[in-house]
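Presented below is the structure to which this report refers.
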Amino acid sequence: MSTERMLRIGTRGSALARRQTEMVARRLRALGLETREVIIRTHGDRFHQPLYGMGVKGVFVKEIEEALLAGDIDVAVHSAKDLPTELPEGLTIGACLPRDEPWDAWVSPADTLESIAAGARVGTSSLRRMAMIRHRRPDLELLPIRGNVDTRLRKLEAGEYDAVVMAVAGLERMGWSDRVVQVLRPPDFVPAAGQGVIVVEIRQDSPWRPWVERINDRPTELALQTERRVVRLLGGGCHSPAGVYAEARPVRDGGDEYVIRVVARLWTQDGTRSLWAEAVGPSPEVAADEVVRRLRAEPAFRYWQEAIDA
Numbered sequence: 002m003s004t005e006r007m008l009r010i011g012t013r014g015s016a017l018a019r020r021q022t023e024m025v026a027r028r029l030r031a032l033g034l035e036t037r038e039v040i041i042r043t044h045g046d047r048f049h050q051p052l053y054g055m056g057v058k059g060v061f062v063k064e065i066e067e068a069l070l071a072g073d074i075d076v077a078v079h080s081a082k083d084l085p086t087e088l089p090e091g092l093t094i095g096a097c098l099p100r101d102e103p104w105d106a107w108v109s110p111a112d113t114l115e116s117i118a119a120g121a122r123v124g125t126s127s128l129r130r131m132a133m134i135r136h137r138r139p140d141l142e143l144l145p146i147r148g149n150v151d152t153r154l155r156k157l158e159a160g161e162y163d164a165v166v167m168a169v170a171g172l173e174r175m176g177w178s179d180r181v182v183q184v185l186r187p188p189d190f191v192p193a194a195g196q197g198v199i200v201v202e203i204r205q206d207s208p209w210r211p212w213v214e215r216i217n218d219r220p221t222e223l224a225l226q227t228e229r230r231v232v233r234l235l236g237g238g239c240h241s242p243a244g245v246y247a248e249a250r251p252v253r254d255g256g257d258e259y260v261i262r263v264v265a266r267l268w269t270q271d272g273t274r275s276l277w278a279e280a281v282g283p284s285p286e287v288a289a290d291e292v293v294r295r296l297r298a299e300p301a302f303r304y305w306q307e308a309i310d311a
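Read in order, the letters of the sequence shown are residues 2 to 311 in our numbering.
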């Protein structure tokens, strides 16, 4: 096929990232395009301290976005939860694949969150997951864990941890859904904004944009816009102890009008306080603005604000 129809797709080199890239490439090839994978190593791949301690935004996307802006690749594939809420000038989300399971998974040789013994070692480096677990089980020992999905599972099997908390979607995409002992769902457990969503980032002026937009899933796009707006309005960043989840459903079958329901939960880092709010609206802006207004109206909101400002 002519190189004029060859689309260069930038991605991280992990097995999960490449699996997700293939999910996108398969849809683009179905449109008659040819694709080529371009692996790019990111800051997050080179350094292994907890993400919240890096002091850098977009640790898994920055170098890929730089390649996109430089014209070294045509599109980039990301897990939506890795994208900062503000994209670099000139870039946009061109497509969202239909959302996979958005929830967190409790992975352990046998025990559930409720049954595991006090003092058990639980691996997670997410401030949100730490706060959620502390809220339910303050008697557990939370330890940082980094690495790809397979690396984390090997550390669990080696006995370094008694349980780990991971995204259901990542395990399912790797074919390891049998490792999920318990799915952690709302209201106690609310996922990170964008969890379970694969996005295709593209230059705003790219000639490939009309092609990429053909694989977009509109309900997922609206839900993601809502979740990202909530995080942006709260000002907590993508690694703060906040969960938000939205669903967009058509008002009528086959129609282009949607109703969006969004839920959000905030925790103080020690898990002792949490806030919950939900809202419904006809657009991402209306739904997100209302749920944030309700959170800010709660007297306890100041405790969360103080925690992220500290």
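Think of the CB as a built atom: it goes at the ideal place given N, C-alpha and C, for glycine as much as any other residue. Every value quoted in this text rests on a predicted model; they were computed, and no experiment measured them.
Runs of beta strand (DSSP E) wholly within the segment 158-198 (minimum 3 residues, chain order):
164-168, 183-185
Spatially closest choice to residue 183 from 109, 293, 100, 206, by CA coordinates | 109
Looking at residue 242: is its Cβ nearer than 9 Å to the Cβ of residue 270? yes
Within 10 Å of its beta-carbon, does residue 254 have 16 or more other beta-carbons around it, so buried, or fewer, so exposed?
exposed
Which of helix, strand or coil DSSP assigns to residue 34: coil
- prompt: Is residue 32 buried or exposed, if buried means 16 or more other CB atoms sit within 10 Å of its CB?
  reply: exposed
Exercise. Out of 185, 94, 60, point me to the one whose CA is closest to residue 214's CA.
Key: 94
Practice problem: Would you kindly work out how many angstroms separate the C-alpha atoms of residue 107 and residue 169, rounded to a whole number? | Solution: 9 Å
TODO: Output the distance between the C-alpha atoms of residue 174 and residue 273, rounded to the nearest integer angstrom.
DONE: 34 Å
| residue 219: first and last residue of the uninterrupted beta strand (DSSP E) it sits in | That residue, residue 219, is in no beta strand (DSSP E); its alpha helix (DSSP H) goes 219-235.
Take every Cβ of the segment 25-42, pair it with every Cβ of the segment 86-93, and state whether three or more of those distances are shorter than 8 Å. no
CA-to-CA distance, residue 282 to residue 295, given in whole angstroms
13 Å
- Quick one: grab the DSSP three-state call for residue 104. coil
I'd like to check one pair, residue 229 with residue 84: are the Cβ atoms closer than 9 Å?
yes
Backbone secondary structure at residue 279 - three-state DSSP
strand
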